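Numbering (the numbering used here), first residue to last: 1 to 286.
The following block contains the structure:
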């Protein structure tokens, strides 16, 4: 099963990507309830000699293994860097053409850093925190822009993002959603189709074929698209939760917690941006 997140899908936590980690046939594994049941020692590079993976995973022999505490700490560091960058950008960059240019430049740098990290074989804290800092500058500028027109929109978007993340985690932990290979394939196919449609819509807007943003307008249609995008973000979170859970259960190295934090940050940024647009749309319609 390949994660929704480009970071997870590239390496480390992905089960079908050819990286030296968790490479298995998803259909057979999920059908038996154990994704590593078919050939555990060949498919799990973190397997300890003598450990039987047909049974529930045992505690790691060494302590240098990823834990939930590691994921929480790294995620707090990464999201904290995003928040700090956003606050500084908001405070120091007044809304202007120059700040818009800096926002676009920061977004491009963040994208490049994200892609570099995605193609690296090991997590790089410097790259991840650099991505978070530049992403924070971008978010700070656009948040200030939205706030100048729709007062309080960023605060509502933050609350909305927290609500979506919390509800998704609750539903996932309650077992109401089972992250299976079929679930992932269907969701990723929908996500890819959504991105293709959004790319076509952007081209139509740029060339003047679609007016007022087309599918991304600030009207009812734009609201529906925004809600759908947020639901996709929640879907991404369920895959991220599953990948992290599996990494911990099967003894991924501790530095992989940086990768987990990176992926979660990317997904939460997606949800926040979509939530920001949605709040603006509903404020417009009041």
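Glycine included, every Cβ here is placed at the ideal spot set by N, Cα and C. A quick note: this is a predicted structure, and the numbers were derived from the prediction, not measured.
- Buried is the label assigned to residue 74, since at least 16 other Cβ atoms lie within 10 Å of its Cβ.
- With respect to residue 150, residue 279 sits close: the two C-beta atoms are nearer than 8 Å.
- Annotation for residue 234: 164, 168 place their beta carbon closer than 7 Å to its own, counting only its chain and skipping 5 residues before and after.
- Around the C-beta of residue 104, fewer than 16 other C-beta atoms lie within 10 Å, and the residue is accordingly described as exposed.
- Considered as a whole, the segment 134-208 harbours 153-173, 181-206 as its complete alpha helix (DSSP H) runs of no fewer than 4 residues, in chain order.
- A residue is called buried when at least 16 other Cβ atoms come within 10 angstroms of its Cβ; residue 178 does not meet this threshold and is exposed.
- Around the CB of residue 65, 16 or more other CB atoms lie within 10 Å, so the residue is classed as buried.
- Residue 269 places its beta carbon less than 8 Å from that of residue 139.
- Separation of residue 143 and residue 156 (C-alpha to C-alpha, rounded to the nearest whole angstrom) is 11 Å.
- Relative to residue 158, the option among 258, 111, 275 whose CA is nearest is 275.
- Taking one beta carbon from each stretch, the segment 124-134 and the segment 74-84 have 3 or more pairs nearer than 8 Å; the two touch.
- For residue 260 against residue 247, the beta-carbon gap comes to about 7 Å, under 8 Å, which counts as contact.
- For residue 121, the secondary structure class from DSSP, reduced to helix, strand or coil, is coil.
- Counting along the chain, residue 241 sits inside the alpha helix (DSSP H) bounded by residues 220-249.
- Our two residues, residue 134 and residue 93, have alpha carbons roughly 14 Å apart in a direct line.
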